[in-house]
Amino acid sequence: MDATENRYSLAYKQIAKAANDTLPLKKLVSAIAASAARGLQASGCAVMLLNPRREYLDIAGAWGLSDLYLRKGAINARKSYPDILDGKIVAVDDIYTDRRTQYPEQAARENIKSLLGAPIIQRGEVIGEIRVYTREKRRFKPNEKDFISTVANILALTLEKIELAQDLNNRHQSNITQQKRLTSFSDLPLAPIRPVTFGHPSEEEFARLLDFYQVEWLYEPRSFPLSSQDNRITEMFTPDFYLPEIDLYIELTTSKQSLITEKNHKVRRLKEVYPDVSIKLLNKGDYLKLFARHGFIPLGESKMTGVQRYLFSKTQIQRRVKLLAKQISRDYQGRELVLIGILKGVVCFISDLMLNISIPVTVDFMAISTPADKSDLLIRILKDLDTDIRDRHVLMVEDIVDTGMTLNYVLNNLTARKPASLKVCTLLDKRVRRLIDVHLDYVGFEIPDEFVVGYGLDMGGKYRNLPSIATL
Ligand code: 5GP
16 MDATENRYSL AYKQIAKAAN DTLPLKKLVS AIAASAARGL QASGCAVMLL
66 NPRREYLDIA GAWGLSDLYL RKGAINARKS YPDILDGKIV AVDDIYTDRR
116 TQYPEQAARE NIKSLLGAPI IQRGEVIGEI RVYTREKRRF KPNEKDFIST
166 VANILALTLE KIELAQDLNN RHQSNITQQK RLTSFSDLPL APIRPVTFGH
216 PSEEEFARLL DFYQVEWLYE PRSFPLSSQD NRITEMFTPD FYLPEIDLYI
266 ELTTSKQSLI TEKNHKVRRL KEVYPDVSIK LLNKGDYLKL FARHGFIPLG
316 ESKMTGVQRY LFSKTQIQRR VKLLAKQISR DYQGRELVLI GILKGVVCFI
366 SDLMLNISIP VTVDFMAIST PADKSDLLIR ILKDLDTDIR DRHVLMVEDI
416 VDTGMTLNYV LNNLTARKPA SLKVCTLLDK RVRRLIDVHL DYVGFEIPDE
466 FVVGYGLDMG GKYRNLPSIA TL
């Protein structure tokens, strides 16, 4: 056996051993990455898995690469060496000049020159990639391509083994949870398993909430150097989440005051150093409210009994609804309009609105699941429209827009049906809490960050018949 064969044989031995071990996913994959890199005498290796929508790559494990390089930003599988997604082995002689390199500057800083990437294929479908990096420029030889492709095959088998085990565990868990009342998002099994280790349970809950609303997320994909001294980074910030569809970073904070101050400082610094980056800080209260709204964590149960403050009286609401109806009637003059409402919060508003619209309208309703519907892992249409809205003018009528996640989902769904036009009218706009910036054409009232009830809006099914809008 020559030296190369010796190295490969040793690497295969180590990889087979790691694959058959009962290590946690990240450790196991990183061990395989290390052996693969050593087998090829390379300086680094990363194993990445496609996220559920098959657009971005989550890093499952790595060896020999700096944290800053691994967290260089969202890795778009269609931009970054897309041939690998098509099942091909890709060899790049010069990463810096190759057009398919998504982050050339970061590669230069990491001092990596060449790359060999192979698809991880499970049952004919690419599920991820393994990439090996070298510090010197290298032309990869056929035997090296064979080697990486074999490692990718072993990875595919290993990941399948882990998925099967997790699937069994999930099924067992959901048998247990079906018998008790769900009280928190962490009781829901994560829809697709992702190779992510969350730093805090609240982050995992938040990921589940995003999954539910089918909002794409990446966990800690980018570290931002904030200050440096003599070419050395002295302060760095890695926001918890990145939502690629809306190009927004999110940092969750807990109730600990010292942490809040520190995070506020980092967020402020980040905005100074990277003015083009959008980031939002969500504190514990913010997302507890988000969960409470869906009936999970009880929100101030002691206050449940009574109304605290009235925001808008019956008369104020009626006056505003009439104005909105007038404006809509004017804007849609000469056209036929379909009003669409999402049950049930919108019932009072949509009926008052249509009574005041002077042009011909038809009305239809949709019902969608909420995370509290225990059987649902993803937002789902429980009652679809009876109307075909193709080529028709549609006005989506909402009671309240909060994070915008519901509306975003519904608008995407309705747009796919090709209406002639699609606009949005909401009675209440809680703009301060917006995560997804959906455009609102007609707004009744903008309200502060408070949980409101009445005029159709409920809390645990109650208060819908309150004629005014109030806080609890
Ligand atoms: P989003 O998806 O925009 O976060 O939330 C929209 C839905 O959440 C609304 O249709 C409504 O059902 C519910 N919601 C949001 N904020 C409130 C609130 O303050 N009170 C009540 N009763 N429901 C709310």
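Count along the sequence shown from 1, add 15, and you get the number used in the working numbering. Beta carbons are placed, not taken as given, at the ideal position from N, Cα and C, and that holds for glycine.
Item                                                                                                      : Value
Buried/exposed call for Glu20, threshold 16 Cβ in 10 Å                                                    : exposed
Residue environment, Gly356, which counts as buried when at least 16 other CB atoms sit within 10 Å       : buried
Given 8 Å, three or more beta-carbon pairs between the stretch 91-108 and the stretch 125-142             : yes
Distance cut-off 7 Å: Phe364 Cβ against heavy atoms of the ligand 5GP                                     : no
Cutoff 6 Å; reference Pro119; Cβ partners in own chain excluding five residues on either side             : Tyr111
Ile30: first and last residue of the uninterrupted alpha helix (DSSP H) it sits in                        : 18-34
Local conformation of Gly54 per DSSP, three classes                                                       : helix
Where the beta strand (DSSP E) containing His408 begins and where it ends                                 : 408-416
Beta-carbon separation (whole angstroms), Leu130 vs Ile163, contact threshold 8 Å                         : The Cβ separation is near 11 Å, so there is no contact.
Inter-stretch contact at 8 Å, needing at least 3 Cβ pairs: the stretch 370-380 / the stretch 334-351      : yes
Test item: CB-CB of Asn91 and Gln121 under 8 Å                                                            : no
Where Pro119 sits in the DSSP three-state scheme                                                          : helix
Distance between Val282 and Ser238 (C-alpha atoms, nearest Å)                                             : 12 Å
Secondary structure of Pro236, DSSP reduced to three states                                               : coil
As assigned by DSSP and simplified to three states, the class of Leu170                                   : helix
Extent of the continuous alpha helix (DSSP H) run through Val439                                          : It is not in any alpha helix (DSSP H) - Val439 instead sits in the beta strand (DSSP E) that spans 436-444.
beta-carbon Lys295 near the ligand 5GP non-hydrogen atom, thresh 7 Å                                      : no
For Gly360 and Gly475, the rounded distance between their alpha carbons                                   : 12 Å
Rounded separation between Tyr576 and Phe256 - CA only                                                    : What the structure shows of the chain is the stretch from 16 to 487, and residue 576 is not part of that stretch, so it cannot be assessed.
Supposed close pair Tyr457, Leu274 - CB separation, criterion 8 Å                                         : Between Leu274 and Tyr457 the Cβ distance is about 40 Å, and since that is not below 8 Å, they are no contact.
Beta strand (DSSP E) runs wholly inside the stretch 79-119, at least 3 long, in chain order               : 105-107
Any non-hydrogen atom of the ligand 5GP closer than 7 Å to Gly13 Cβ                                       : Residue 13 is absent from the model: the chain starts at 16 and stops at 487.
Selection from Pro463, Glu465, Pro482, Glu461 that minimises the alpha carbon distance to Gly471          : Pro482
Between the CA atoms of Thr212 and Ala167 - distance to the nearest angstrom                              : 22 Å
Classification of Leu397 by the beta-carbon crowding that lies within 10 angstroms, buried from 16 upward : exposed
Contact test: Val467 Cβ vs the ligand FMN heavy atom, cutoff 7 Å                                          : Although the ligand FMN was asked about, the structure shown includes only the ligand 5GP as ligands.
Boundaries (first-last residue) of the alpha helix (DSSP H) holding Met251                                : It is not in any alpha helix (DSSP H) - Met251 instead sits in the beta strand (DSSP E) that spans 247-252.
Rounded separation between Ile47 and Ala431 - CA only                                                     : 43 Å
Where Ser373 falls: helix, strand or coil (DSSP)                                                          : coil
Where Tyr302 falls: helix, strand or coil (DSSP)                                                          : helix
CB-CB length for Val409 against Phe364, believed under 8 Å                                                : Contact flag wrong, Cβ pair sits at about 17 Å.
The ligand 5GP heavy atom lying under 7 Å from the CB of Val378                                           : no
Three-state secondary structure assigned by DSSP to Pro134                                                : strand
Given 8 Å, three or more beta-carbon pairs between the stretch 144-159 and the stretch 59-66              : yes
Arg146, DSSP secondary structure in three states                                                          : strand
Cutoff 6 Å; reference Asp113; Cβ partners in own chain excluding five residues on either side             : Val107
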